[in-house]
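Written below as structure tokens is the structure these notes are about.
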């Protein structure tokens, strides 16, 4: 059975172009011209992936992305942002909120199909990885991998999907230095066309959320000339 992709865009010609392109790539598609009809459909049937336009009448693509990442049932969905916004700030913002990929208009239909397949492969890979540890702990910092929650003491820390994946990667490999490219491959996948600045931005936001003093981190340490590592020594509480 073909995998189902929901496409959300308020431009009829884009909906038709993306639908036909993804169908040629072997997907089943369903198109929506507004966010409300898309949300109603999500409640009835979950797709395998979502291609989401940013610039639409409210709820726009960014609002929909935030909604999907806060819901338990839609949080793991591969979501690709399709938008005319192509500034670095916009790309970083989309990825920061939780998009798995960011595709600027005008775009190649074949490349879009390849990126949807790559996002689905990453999701399948992550779901098949053995879950030996259900929680990761370091001092009073605790990651609940099954519930997708992070707590620091009694405080619940709200992380985006990418922040959660970065923290998980580093905590599972305490003491190991990761270059920016290694983190890009581990979190965004080898098919992602980004650079190390994306990692730096996410690390900065992550430190602001989990560190007592972000400028003097005790959890996520900078390895000069390399990248980042998670502290091996348990902190004194």
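In our numbering, the protein residues as written are -6 to 230.
We put the CB at the ideal spot given by N, CA and C, even for glycine.
One thing to note: residue 47 has its Cβ within 8 Å of the Cβ of residue 55. In the three-state reduction of the DSSP assignment, residue 27 falls in the coil class, being assigned neither a helical nor a strand state.
Inclusion of residue 213 and residue 134 in the CB contact set at 8 Å is not warranted, their separation being larger than that value.
Between residue 71 and residue 34, the gap from beta carbon to beta carbon reaches 8 Å or more. For residue 1, the number of other beta carbons within 10 angstroms of its own is at least 16, and it is reported as buried. Counting along the chain, the unbroken alpha helix (DSSP H) around residue 175 starts and ends at 173 to 176. Residue 145: member of the beta strand (DSSP E) spanning 142 to 145, first to last residue.
DSSP places residue 61 in the helix class (H, G or I) of the three-state scheme. Residue 103 sits exposed, since fewer than 16 C-beta atoms from the chains shown fall within 10 Å of its C-beta. Residue 157: member of the alpha helix (DSSP H) spanning 154 to 164, first to last residue. By the C-beta density criterion, residue 143 is buried, having at least 16 other C-beta atoms within 10 angstroms.
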